[in-house]
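Protein chains in written order, with this note's numbering: chain P, 1 to 517; chain D, 518 to 840.
Next up, the structure:
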């Protein structure tokens with residue numbers, strides 16, 4: 001039983017137009033194991049998951065799930081396969097209950113008892129979320145983290161024999177990830193096959209029994225449990241020419257900033273939250289952390305001029321006059337040289353119908369107008385090429401749609417858009433969500449170069465490890481306000497975590513680093 | 518669980534505006550006299566309002582299926598059933614009630630089946646398909662019958678008398694409600710809402726979205742057939758052009774009833790309220806003397822009330838939902 005093969009892929013290939021997502025993919029997974037699929041952006045992981053789920057059809061090769069061929073999600077449901085996709089797919093206007101059981105029944109016939117389902121859903125959702133959720137509530141009124149849980153619970157409620165998680169923990173905070181892992185352990189014990197598609201290497205080392213590594217659409221190897229280490233994974237994921245700088249060290253080389261370029265006074269993120277002050281030194285990279293919904297998101301939106309803070313004032317030093325000017329709207333923020341990059345690519349990032357070129361250059365059209373307001377596109381070509389080279393964006397033709405790129409490469413285009421504006425301050429809102437390590441390193445490197453040239457960075461992340469060896473200071477949010485600023489040796493997992501949970505300062509820390517920041 | 522049903526209705530904020538408007542209009546009509554609140558008044562109202570209510574019901578499942586699938590062809594389709602009924606069936610001596618009713622419902626369902634198949638398998642945007650349907654049928658109707666004429670079957674002539682509340686026309690309406698209520702009890706209604714709310718989500722979750730869409734269209738087509746019967750009873754003859762005016766009225770009624778044109782939200786109750794509200798608006802205006810411009814005034818009132826109700830929805834109801 002233990003070694004029964006549940007999924008087998010042989011020589012699978014899949015192309016989207018000119019982009020070859022999968023070239024030669026071989027894969028096997030057994031019952032009762034947690035199997036990770038690892039690879040950089042654009043390596044074909046998500047395509048693999050979609051083929052297994054019956055959403056996409058392979059151009060060549062053979063896929064067998066639990067001994068059957070799957071050609072549609074209806075098929076997948078029949079054989080007992082459930083997938084949690086990267087996007088949070090919910091019907092906003094329907095109730096939690098309807099969202100949990102969508103697709104479970106025939107067109108007319110219900111295949112379960114409503115009362116039983118109700119109880120089962122309440123139990124599982126309470127276990128996952130950590131508190132009871134009203135199943136009658138309309139999903140659109142709930143926060144993103146609960147929507148994510150609904151999507152996860154929808155799959156778990158099917159008691160699948162094969163469960164695929166495609167970057168499903170991306171929107172979850174640490175506490176929630178632990179609960180998810182408990183759930184995965186429970187399913188593994190009952191003999192299910194669990195596939196995890198993830199970039200979070202730490203997570204994978206902890207939970208995976210085996211890992212299959214993909215590179216450029218080819219499966220390059222399988223690691224057993226004891227071989228799954230960060231070094232091994234990286235060695236297999238990254239082409240050899242990119243492996244030069246193994247250790248992450250993009251920390252500041254100790255230059256002093258020339259005063260604050262952006263200040264916030266008496267800022268309040270919420271009606272009930274206490275006001276706080278914030279200073280961004282020129283040439284600094286300031287990390288912003290916090291558990292889900294502690295005000296850090298509202299804070300970065302406020303400084304970027306995307307949304308009005310509940311109270312307080314944000315000022316930016318003008319590049320021309322050197323005077324501090326108030327920034328309250330998006331337009332003022334743009335004029336003050338603030339660029340914003342969102343990790344929520346689908347909703348706040350890409351123009352899905354437009355080309356890669358348009359997506360990257362759209363922010364600078366206004367500065368490149370010729371007679372009669374015609375955009376001088378040729379004059380933008382050098383800029384485009386520079387950003388593509390610098391950020392190592394893997395593209396086919398610049399006129400291809402942005403959606404032909406993988407998530408990580410889309411994110412790079414968005415960061416290129418921000419750089420193209422020649423900003424003073426870049427505000428990044430969890431830009432590395434669902435992005436692989438190679439891309440992250442490209443990003444850290446470019447942001448550090450930007451900071452060394454006098455630019456300033458505000459970097460919100462849901463992964464603590466991102467800040468280590470990168471940020472000059474980490475501002476941790478708790479209960480809607482800036483709770484603690486950490487710098488120097490305090491930028492490490494434990495002190496940041498302690499602050500995220502609102503714990504009082506660890507007495508073993510000798511210096512009051514908050515004041516030196 | 519009736520209390521549960523009531524709670525669900527209360528949760529469905531989309532019905533607040535149409536229900537409120539209905540009460541206001543009813544009160545306004547009452548202040549203008551009691552003509553409507555007599556047996557004859559109600560019988561006449563049912564006769565006049567039924568084609569509009571049924572066409573609004575017909576587009577409801579189709580709009581709910583999402584993709585911005587507003588069925589523009591509904592009016593001309595009703596006209597098409599009307600003129601073919603008069604010319605091809607009655608014109609050739611076929612007056613058997615079973616044949617006539619079967620023809621009306623079968624033709625409506627068949628036409629919608631074709632539209633659904635084109636939308637799904639040719640992958641054309643729904644509104645383009647139904648716009649083509651609108652144009653093609655508007656033309657064909659004039660080819661079948663170049664000017665209003667013909668007579669309805671004998672047994673149908675009494676339907677349009679408007680003397681009794683419990684006329685056969687009311688039963689056409691009730692038939693539609695019974696079909697809808699039956700569908701609501703099955704999983705189809707949930708599948709339809711889910712498909713309309715987020716088709717990708719529904720598809721990847723294992724909802725057979727294509728089949729759901731086909732059924733939505735076929736049900737809509739059957740309702741159009743019922744609408745055509747009530748329309749034929751109302752005018753007792755054939756008319757190749759008047760049917761087309763019902764398209765925009767049905768869409769207006771649907772939106773007034775709180776349905777979302779982007780799909781996922783809507784229902785028979787809302788669409789019915791929307792259609793009745795439109796009837797009440799025109800009835801109310803007809804009690805004033807606008808002379809020759811009364812038709813324009815009615816249309817303008819429809820437009821203003823539509824915009825007004827959407828504004829109330831956005832600024833009062835949804836605001837509160839978000840808070």
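Every residue, glycine too, gets a C-beta built ideally from N, C-alpha and C. These figures come from a predicted structure and were not determined experimentally.
Residue 279 of chain P, DSSP secondary structure in three states
strand
State buried or exposed for residue 255 of chain P, treating a residue as buried only when at least 16 other CB atoms are found within 10 Å of its CB.
Caution is warranted here: a pLDDT of 49 is assigned to residue 255 of chain P, below 50, making its placement in the model unreliable, and the coordinate value is therefore given only provisionally. Exposed, because fewer than 16 other Cβ atoms sit within 10 Å of the Cβ of residue 255 of chain P.
With a CB to CB cut of under 6 angstroms and the five nearest residues on each side skipped, what residues in its chain are close to residue 1 of chain P?
The predicted position of residue 1 of chain P is uncertain, since its pLDDT is 45 and thus under 50; no value can be drawn from it.
What separation, rounded to the nearest whole angstrom, lies between the Cα atoms of residue 157 of chain P and residue 90 of chain P?
15 angstroms
What did DSSP end up calling residue 246 of chain P once you bin it into helix, strand or coil?
Reliability of the predicted coordinates at residue 246 of chain P is poor, the pLDDT of 42 falling under 50, and the value obtained from them is presented with this limitation in mind. DSSP places residue 246 of chain P in coil when its eight states are reduced to three.
When the Cα atoms are used, what is the spatial distance from residue 393 of chain P to residue 788 of chain D?
51 angstroms
Please list the partners that residue 705 of chain D has in chain P, where partner means a Cβ-to-Cβ separation under 8 angstroms.
107, 108
Using the Cβ count rule (16 or more neighbours within 10 Å means buried), how would you classify residue 556 of chain D?
exposed
Only counting the same chain, and skipping five residues up and downstream in sequence, which positions put a Cβ closer than 6 angstroms to that of residue 154 of chain P?
100
Got a sec: is the Cβ-Cβ distance from residue 572 of chain D to anything in chain P below 7 angstroms?
no
Bridge partners for residue 630 of chain D per DSSP, in chain order?
Answer is none; residue 630 of chain D lacks a bridge partner.
By a C-beta neighbour count over all protein chains shown, 10 Å radius and 16 as the cutoff for buried, is residue 501 of chain P buried or exposed?
exposed
Mind checking the stretch 711–735 of chain D against chain P and listing, in chain order, the residues whose C-beta falls within less than 8 angstroms of any C-beta there?
711, 714, 715, 717, 718, 719, 720, 721, 722, 723, 724, 725, 728, 729, 732
How many angstroms separate the CA atom of residue 102 of chain P from the CA atom of residue 702 of chain D?
16 angstroms
Spatially closest choice to residue 733 of chain D from D:633, D:670, D:665, by CA coordinates:
D:633
Provide the residue span of the beta strand (DSSP E) that contains residue 483 of chain P, from first to last.
481–487
For residue 582 of chain D, which residues of its own chain have a beta-carbon under 7 angstroms away from its beta-carbon, when the five flanking residues on both sides are left out?
709, 712, 713, 729, 730, 733, 780
Answer with yes or no whether the minimum CB distance from residue 832 of chain D to chain P is below 7 angstroms.
no
Return the Cβ separation of residue 49 of chain P and residue 204 of chain P in integer angstroms, given the expectation that the two are a contact with Cβ distance under 8 angstroms.
Not a contact, Cβ separation roughly 15 angstroms.
Measure the Cβ-Cβ separation of residue 594 of chain D and residue 654 of chain D and say whether it is below 7 angstroms.
yes
Checking contacts by CB at 7 angstroms: is residue 530 of chain D closer than that to chain P?
no
Buried or exposed: residue 828 of chain D, going by 16 or more other Cβ atoms within 10 Å of its Cβ?
exposed
In the DSSP assignment, find the unbroken alpha helix (DSSP H) run with residue 62 of chain P in it and report its ends.
First-last for residue 62 of chain P: 60–65, but that is the beta strand (DSSP E), not the alpha helix (DSSP H).
Is residue 337 of chain P near the ligand FAD, with its Cβ less than 6 angstroms from a heavy atom?
Because no ligand of any kind appears in the structure shown, any question about the ligand FAD cannot be addressed here.
Consider the Cβ of residue 74 of chain P: report whether some Cβ of chain D lies at a distance smaller than 7 angstroms.
yes
Can you name the start and end residues of the alpha helix (DSSP H) that residue 346 of chain P belongs to?
345–348
Report buried or exposed for residue 86 of chain P, applying the criterion of at least 16 other Cβ atoms within 10 angstroms of its Cβ.
buried
Expressed to the nearest angstrom, what Euclidean distance is found between the alpha-carbon atoms of residue 241 of chain P and residue 6 of chain P?
For residue 241 of chain P, the predicted model reports a pLDDT of 49, less than 50, meaning its position is unreliable; a value from the coordinates is still stated below. Going from the Cα of residue 241 of chain P to the Cα of residue 6 of chain P covers about 36 angstroms.
Span of the alpha helix (DSSP H), counted from its first residue to its last, around residue 218 of chain P:
Element bounds for residue 218 of chain P: not the alpha helix (DSSP H) but the beta strand (DSSP E), 218–224.
Go to residue 339 of chain P, then tell me how far its beta strand (DSSP E) extends in each direction, as first and last residue.
338–342
Chain P partners of residue 781 of chain D, CB-CB under 9 angstroms?
91, 92, 93, 94
When the distance is taken between beta carbons, is residue 411 of chain P closer than 7 angstroms to residue 402 of chain P?
no
Given that residue 85 of chain P touches chain D, what residues does it touch there, using C-beta distances under 8 angstroms?
721
Beta-carbon within less than 8 angstroms of residue 672 of chain D's beta-carbon, same chain only, minus the 5 sequence neighbours each way: which residues are those?
612, 614
Judging by CA-CA distance, which residue of D:631, D:645, D:626, D:821 is the nearest neighbour of residue 744 of chain D?
D:626
Counting only beta-carbon atoms, is residue 259 of chain P nearer than 7 angstroms to chain D?
no
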